[in-house]
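Visitor: Per the numbering used here, the sequence shown runs over residues 3 to 375.
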Amino acid sequence: KKSFLSEKESVQWAEISCLVDSFAKQYVIKKTKDVKFVSPAESHFYVNRRATIINNKGQFFRLTSSEQKKCSKLIKRMSLYSAGLYVEFRTDANEFWIEVHYLKYMQLTNMSVKGISGLDVYIFSPNVNKWDYVDTIEPNGLNTKKMLGHIKLDITGEKLIRIYLSSYASIRSLYLGFLSETMIHPHLHRKTKPIVFYGSSITQGCAADHVGDNYVNKVSRTLGFDEINYGFSESAFGEPEIAQMIADIESSGIVIEYDHNATVETLKKTHYNFYRIIREKRRDVPIVLISRLSGGLSVSQEEAIIRFEIIKNTYNLAKKAGDNKIYLVNGNQLLENETKKLYFADDRHPNRKGMDIIYEAVVDAIGRIGDGN
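#1: Hey, how far is the Cα of Arg354 from the Cα of Asp215?
#2: Taking Ala53 as part of the alpha helix (DSSP H), name the residues at either end of that continuous run.
#3: Kindly indicate which three-state DSSP category Val287 falls into: helix, strand or coil?
#4: For Ile307 and Asp366, what's the separation of their Cα atoms in angstroms?
#5: Starting from the N-terminal side, write out each stretch of the beta strand (DSSP E) that is 3 residues or longer and does not extend beyond the stretch 307–346.
#6: Can you check which of these residues, Tyr361, Ser45 and Lys38, is closest to Thr205 by C-alpha distance?
#7: Can you tell me where the alpha helix (DSSP H) with Val218 in it begins and where it stops?
#8: What are the residues that DSSP puts in a beta bridge with Arg92?
#9: Under 7 Å between the Cβ atoms of Pro196 and Ile244?
#10: Quick one: measure Cβ to Cβ for Met80 and Ser235, integer angstroms, because I've assumed they're closer than 8 Å.
#11: Mind checking whether Phe239 and Thr194 have CB atoms under 7 Å apart?
#12: At a cut of 8 Å, does the stretch 280–298 reach the stretch 259–271 through at least three beta carbon pairs?
#13: Starting from the Cα of Glu305, find the closest Cα among Leu269, Tyr329 and Glu282 and give me that residue.
#14: Does Asp122 pass the burial test, meaning 16 or more other C-beta atoms within 10 Å, or should it be called exposed?
#15: Return the first residue and the last residue of the beta strand (DSSP E) that Lys148 is part of.
#16: Using beta-carbon positions only, say whether Glu101 and Leu150 come within less than 7 Å of one another.
#17: Using DSSP bridges, identify the partner residues of Pro352.
#18: So, under 8 Å CB-CB, Val327 and Asp286 are touching, yes? Tell me the CB distance rounded to an integer number of Å.
#19: For Tyr274, name the three-state secondary structure that DSSP assigns.
Dropping the structure here:
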């Protein structure tokens with residue numbers, strides 16, 4: 003059985019609470035003595051980017067098949083990884099199981115198995131209006147094709163759960179297991195337009211300790227928006243095809259971070275045009291431009307300044323044309339040169355502390371655009 007069976011599964015708004023035992027047979031994947039495993043295609047579960055997953059016959063890829071055909075081989079390959087995808091549901095259960103079937107992994111030397119292929123579980127605390135990290139389930143190694151994780155929750159009563167999928171593993175299918183008599187409640191997810199993030203491996207989540215620590219996930223979690231993660235490792239060159247895809251999305255905000263894979267010449271040739279394609283169709287959507295943090299590490303300070311001036315030129319041209327929905331973040335000024343190495347796992351990929359710096363800068367930038375500053 004597939005996680006997503008047909009276009010009929012695109013509806014994901016249940017209106018009443020339901021026992022998991024009452025789910026239609028088409029959503030019940032298997033039963034054990036005590037646990038029933040079900041598909042998140044059932045309407046009580048919210049899956050961001052559901053239409054894209056349906057297009058890919060239930061596999062958790064980030065681009066549709068038609069979008070993949072427009073992209074480079076590198077982007078197509080990176081789009082098979084599940085960065086930025088997640089499942090949410092409300093339940094009164096104090097425990098549940100997650101079964102994952104993997105298609106493939108990316109081999110990375112600067113990330114642990116947990117960071118590459120783990121799934122993060124978060125719970126929403128309404129009293130403080132924030133998400134709290136619960137646990138990560140991870141496979142035994144990068145050759146594992148199937149994983150079963152068990153999550154226990156300390157909070158009683160109805161609760162909202164979010165499961166982030168892997169940043170650098172391709173997930174073929176995902177099933178959730180519940181004890182008999184478990185109640186699943188209507189999801190009540192806010193119908194907000196997503197924030198779209200475009201960039202390099204940093205945006206995809208490289209070197210984050212675990213997937214929830216990626217700055218993209220932290221920004222969307224904090225601001226309460228869905229996300230679309232178009233971070234493509236080794237592949238962010240400002241292609242017009244990607245700009246057009248972003249322009250076609252009705253979004254609440256756009257973050258552009260691609261000051262890494264492109265050479266100085268490519269950056270100069272593409273950056274303003276990438277912005278222009280988006281802005282021609284999305285005239286009122288806030289856009290945040292970010293330059294690299296790793297000047298002096300990944301490139302010389304002199305090159306970092308040249309790169310920033312290219313990005314700044316896009317910003318200046320936009321402002322000159324009357325664009326008041328754009329904000330510029332000079333990444334190289336976010337960290338002191340003397341302590342910069344402490345924020346990176348290598349010469350360019352931020353660790354947890356570095357991801358926090360980007361997260362704070364983006365949240366601040368979006369807030370300033372909203373305030374008209």
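We put the CB at the ideal spot given by N, CA and C, even for glycine.
Guide: In short:
#1: Reading the sequence shown from its first residue, position 352 is the one you call residue 354. Reading the sequence shown from its first residue, position 213 is the one you call residue 215. Using only the alpha carbons, I get a separation of about 7 Å.
#2: Within the sequence shown, residue 53 is the residue found at index 51, counting from 1. Looking at the DSSP string, the run of the alpha helix (DSSP H) that includes Ala53 is Arg52 to Asn57.
#3: The count along the sequence shown starts at 1 and reaches residue 287 at position 285. In the structure shown, Val287 sits in coil (DSSP, three-state: anything other than H, G, I, E or B).
#4: Walking along the sequence shown from the start, residue 307 turns up at place 305. Walking along the sequence shown from the start, residue 366 turns up at place 364. When rounded, the distance between both Cα atoms is 22 Å.
#5: 328–331
#6: Start at 1 with the first residue of the sequence shown, and residue 205 comes out as number 203. That would be Tyr361, whose Cα lies nearest to the Cα of Thr205.
#7: The residue labelled residue 218 in the question sits at position 216 within the sequence shown. Note, Val218: alpha helix (DSSP H), Tyr217 to Leu225.
#8: Counting from one through the sequence shown, the residue named residue 92 turns up at place 90. Answer is Leu162 and His187.
#9: Taking the first residue of the sequence shown as 1, we reach residue 196 at position 194. Taking the first residue of the sequence shown as 1, we reach residue 244 at position 242. No, the Cβ-Cβ distance between Pro196 and Ile244 is not below 7 Å.
#10: The residue you call residue 80 lines up with position 78 of the sequence shown. The residue you call residue 235 lines up with position 233 of the sequence shown. 6 Å between Cβ atoms; contact.
#11: If you number the sequence shown from 1, residue 239 lands on position 237. If you number the sequence shown from 1, residue 194 lands on position 192. Result no, Cβ atoms of Phe239 and Thr194 do not sit closer than 7 Å.
#12: yes
#13: Here the question's residue 305 lines up with position 303 in the sequence shown. Comparing Cα-Cα distances from Glu305 to each of Leu269, Tyr329 and Glu282, the minimum goes to Leu269.
#14: Here residue 122 corresponds to residue number 120 of the sequence shown, with the count starting at 1. Its Cβ being crowded by 16 or more others within 10 Å, Asp122 is buried.
#15: Reading the sequence shown from its first residue, position 146 is the one you call residue 148. Residues Lys148 to Lys154.
#16: Indexing the sequence shown from 1 puts residue 101 at position 99. Indexing the sequence shown from 1 puts residue 150 at position 148. Going by C-beta atoms, Glu101 is nearer than 7 Å to Leu150.
#17: Taking the first residue of the sequence shown as 1, we reach residue 352 at position 350. Pro352 pairs with Phe346.
#18: What you label residue 327 is simply residue 325 of the sequence shown in a count that begins at 1. What you label residue 286 is simply residue 284 of the sequence shown in a count that begins at 1. The sequence given here places Lys at residue 327; Val does not occur at that position. That pair is a contact at about 6 Å.
#19: As a position in the sequence shown, residue 274 is number 272, starting the count at 1. In the structure shown, Tyr274 sits in a helix (DSSP, three-state: H, G or I).
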